[in-house]
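K.L.:
111 is the number of the first residue of the sequence shown in the numbering used here; add one for each residue after it.
Dropping the structure in here first, questions after.
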Amino acid sequence: MNKVNQSKRWHKSYKLGRYQLAQSLAPYPELPLFTILDESASGNPLATAIDYYGMKLNYEELKNECDSLAAALAQLGLKRGDKVVTILPTCPQYIISTFAILKTGAAHVPCGNLHQGPELQYQINESGAETVIGLAEHLSCIESIKPTTKIRNIILTSLKDYTAEQPGNLEPVKGIYQFRQLIAAHKPQPPEVEIDPKNDLAYLAFTGGATGRPRGVMLTHYNRLSNVLQGLPWTTANHAESIRGRASVIIAVPLFHLYGDWVMLTAIYLGFKIILVQDPRDIDSILELMVEKRPFMVSIVPTQLMKLCQKDIPTQPVHIMSGSSYLPVAVCESVSQKTRKPVSDGYGLTEASPVTHIDLTGFSKTTGCIGVPVPDTDVKLINEETGLECAVGEAGHMYIKGPQVMKGYWPNPGDGLTDGWLPTGDIARMNEDGCFFIVDRLKDMVNISGYKVYTSVIDDILFRHPAVSMAVSIGVPDPERPGSERIKAFIQLKEQFKNKVSATEIISYCKKKCPPYAVPKFVEFREHLPLTATQKLFKRKLREEEMNKAAKGNSNQ
């Protein structure tokens, strides 16, 4: 097969309704990332920046909090090139910490607040961080790993510190700094630091928790600012002034996940009101906020939508944006029908700051559609067997190149890239209009007697069964054919169908929808399916469980 010149055919799909979108945003500004806060605070100082459990901060107040904390961090010895670990849920302290860290010239290392000691120890040691900002309840964990790390500064906060409730004073602990006290003790005068946006790290974000051992991803100020501009500022350019400083967004995903962080940065850039949801598992609170606040946009992940579509959702003039993992078409359709508004999907990965594709149609009923590449993002699909670029419609390994692509895996620039191209680990195809469709993860593809089966396709079929609340499929060793695999489905039933649906019924249903070799051989019903800290269905955990069973000689049934 000859190499195909795809010639960025997605440019012809750069339309949003009647508006034509820019094909390029280059050159991208070479500025420190924190300038987006400074500019919003200057342009809309009294506009609400954060709305959190009855507490509101306007942009001037938010900037002052960040500047005071930056001054405090500098006095503690933080300097350009250092790393600061945060162990925070979705809360104002995360946002304040982010910009304060950046203003010292240091890099932010966001860690999940559900991480256990060994995970934190690994990421702190890998990054070389000497300063940690976390909740008071993390103190015992931090102190237990401190002797094996370089930690010298511990800063603690309480979830009540930025709520309408009276903040509870933390018990003073020798050698431990308190978040609010540090801010109160310092004037909003951040240090003057010269930033090299294309080379200095803004974030060192660890990725791979759902697929393998985490690796540090080096993202520069230029990477992240470019990616902010490639998103909503691009798609809303024709009416930017009508929403700047006026609209609001509910962030229902963890801020420590780069998707949630990207939405936060985008909102800051546009001067939006940020409505924070501290617990991403609290679907009732998310729905209540949607009804009460009537935001311009809600950022959410597929597993949250799976639960949300089982609720009575009133018609909502809200743009729902899903990301971080595969969105089943059946779930998308259900939510869209209830809200009478489209549900947007997209694609990205931590190594790309994170967004690379956006669905400009607002909602595609075609399985796996992730839309088109954002401006100045090159994409190629490679046939792994031939090494050649794929033709239109042919599935191949997706590679990405653009201003948002990482500097490399820590600590080596270029590590993880191939001639500047980022291999995503995902199999995709492109249609004639330049729209891309995720077929599956390379690691999730199953080999059944020589046939390639994409588990995302099976997942989507399972989701369409009326009794299914959540479902996921994986490949497990075939006990009858060594070296081959079979499909195993894990299903969480809707409440009204529990104990009323059998494995035989699910398999019979799949026989009508799948090729014979792709029909699940095994079905296991579970009360709950495992989720990662960022609410993704945890396929790797299920695979590991099945491999352990196989090693012990247990049946898959």
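C-beta: ideal position from N, C-alpha, C; glycine also.
This structure is a prediction, so every number in the text was calculated from the model and none was measured.
#1: Give the straight-line distance between the Cα atoms of residue 568 and residue 628, rounded to the nearest whole angstrom.
#2: Which of the three DSSP states, helix, strand or coil, is assigned to residue 248?
#3: Along the chain, where does the alpha helix (DSSP H) that runs through residue 567 open and close?
#4: When the distance is taken between beta carbons, is residue 489 closer than 9 Å to residue 540?
#5: Please say whether residue 445 and residue 453 have beta carbons closer to each other than 9 Å?
#6: Using only the alpha-carbon positions, how far apart do residue 449 and residue 424 sit?
#7: Straight-line CA distance for residue 430 to residue 345?
#8: May I ask which residues mark the beginning and end of the beta strand (DSSP E) holding residue 516?
#9: Looking at C-alpha atoms only, which residue of 239, 249, 208 and 211 is the closest neighbour of residue 227?
#10: Assuming contact is defined by CB atoms lying nearer than 9 Å, are residue 668 and residue 462 in contact in what I supplied?
#11: Using beta-carbon positions only, say whether residue 190 and residue 303 come within less than 9 Å of one another.
#12: Classify residue 334 as buried or exposed, calling it buried when 16 or more other Cβ atoms lie within 10 Å of its own Cβ.
#13: Please list, in chain order, all residues of the same chain as residue 168 whose beta carbon is under 7 Å from its beta carbon, the five residues on each side excluded.
#14: On the criterion of 16 or more Cβ atoms from any shown chain inside 10 Å, does residue 175 qualify as buried, or is it exposed?
#15: Name, in chain order, the residues that DSSP records as bridge partners for residue 367.
#16: I'd like the list of long-range same chain contacts for residue 219, defined as Cβ closer than 6 Å, with 5 residues on each side in sequence excluded.
#17: How about residue 324 and residue 231: do their beta carbons lie closer than 9 Å?
#18: Cβ of residue 512 within 9 Å of Cβ of residue 483?
#19: Okay, do the stretch 400-413 and the stretch 353-360 touch, 3+ Cβ pairs below 8 Å being the bar?
#20: Which runs of the beta strand (DSSP E), 3 residues or longer, sit entirely within the stretch 319-349?
#21: Quick check: what's the CA-CA separation for residue 497 versus residue 521?
#22: Below 7 Å CB to CB, which residues in the same chain sit around residue 662 once its five sequence neighbours on both sides are set aside?
P.N.:
This is what the structure holds:
#1: For this step, residue 568 is matched to residue 458 along the sequence shown. For this step, residue 628 is matched to residue 518 along the sequence shown. Whole-angstrom Cα-Cα distance: 8 Å.
#2: Here residue 248 refers to the residue found at position 138 of the sequence shown. Looking at residue 248 - three-state DSSP - the assignment turns out to be helix.
#3: Along the sequence shown, read from residue 1 onward, the residue named residue 567 stands at position 457. 565-573 is the extent of the alpha helix (DSSP H) around residue 567.
#4: Mapped onto the sequence shown, residue 540 falls at position 430. Mapped onto the sequence shown, residue 489 falls at position 379. Result yes, Cβ atoms of residue 540 and residue 489 sit closer than 9 Å.
#5: Against the sequence shown, residue 453 aligns to sequence position 343. Against the sequence shown, residue 445 aligns to sequence position 335. Contact: yes.
#6: In the sequence shown, residue 449 corresponds to position 339, counting from 1. In the sequence shown, residue 424 corresponds to position 314, counting from 1. Approximately 6 Å, taken between the alpha carbons.
#7: Taking the first residue of the sequence shown as 1, we reach residue 430 at position 320. Taking the first residue of the sequence shown as 1, we reach residue 345 at position 235. For residue 430 and residue 345, the distance between alpha carbons rounds to 15 Å.
#8: By 1-based counting over the sequence shown, the position of residue 516 is 406. Neither: residue 516 is in no beta strand (DSSP E) and is coded neither H nor E.
#9: Residue mapping note: residue 227 aligns to position 117 of the sequence shown, counting from 1. Closest by alpha carbon: 249.
#10: Lying before the first or after the last residue shown, residue 668 is absent from the chain, which here runs from 111 to 667.
#11: For this step, residue 190 is matched to residue 80 along the sequence shown. For this step, residue 303 is matched to residue 193 along the sequence shown. In contact: residue 190 and residue 303 (Cβ atoms closer than 9 Å).
#12: Stepping through the sequence shown from its first residue, residue 334 is reached at position 224. By the neighbour-count rule (16 or more Cβ atoms within 10 Å), residue 334 is buried.
#13: For the purposes of this step, residue 168 is taken as the residue at position 58 of the sequence shown. Contacts found: 155, 156, 157, 158 and 159.
#14: Translated into positions along the sequence shown, residue 175 becomes position 65. Flag for residue 175 reads buried.
#15: As a position in the sequence shown, residue 367 is number 257, starting the count at 1. DSSP output for residue 367 lists no bridge partner at all.
#16: Stepping through the sequence shown from its first residue, residue 219 is reached at position 109. Here the set comprises 193, 195, 237, 239 and 314.
#17: Residue 324 sits at position 214 when you count from the first residue of the sequence shown. Residue 231 sits at position 121 when you count from the first residue of the sequence shown. No, these two residues do not count as a Cβ contact at 9 Å.
#18: For the purposes of this step, residue 512 is taken as residue 402 along the sequence shown, with counting starting at 1. For the purposes of this step, residue 483 is taken as residue 373 along the sequence shown, with counting starting at 1. Their beta carbons are under 9 Å apart, which means residue 512 touches residue 483 by this criterion.
#19: yes
#20: 325-330
#21: Taking the sequence shown and counting its residues from 1, one reaches residue 497 at position 387. Taking the sequence shown and counting its residues from 1, one reaches residue 521 at position 411. So the alpha carbons of these two residues sit roughly 29 Å apart.
#22: Numbered from its first residue, the sequence shown carries residue 662 at position 552. Closer than 7 Å at the Cβ level, and outside the excluded window around residue 662, lies no residue.
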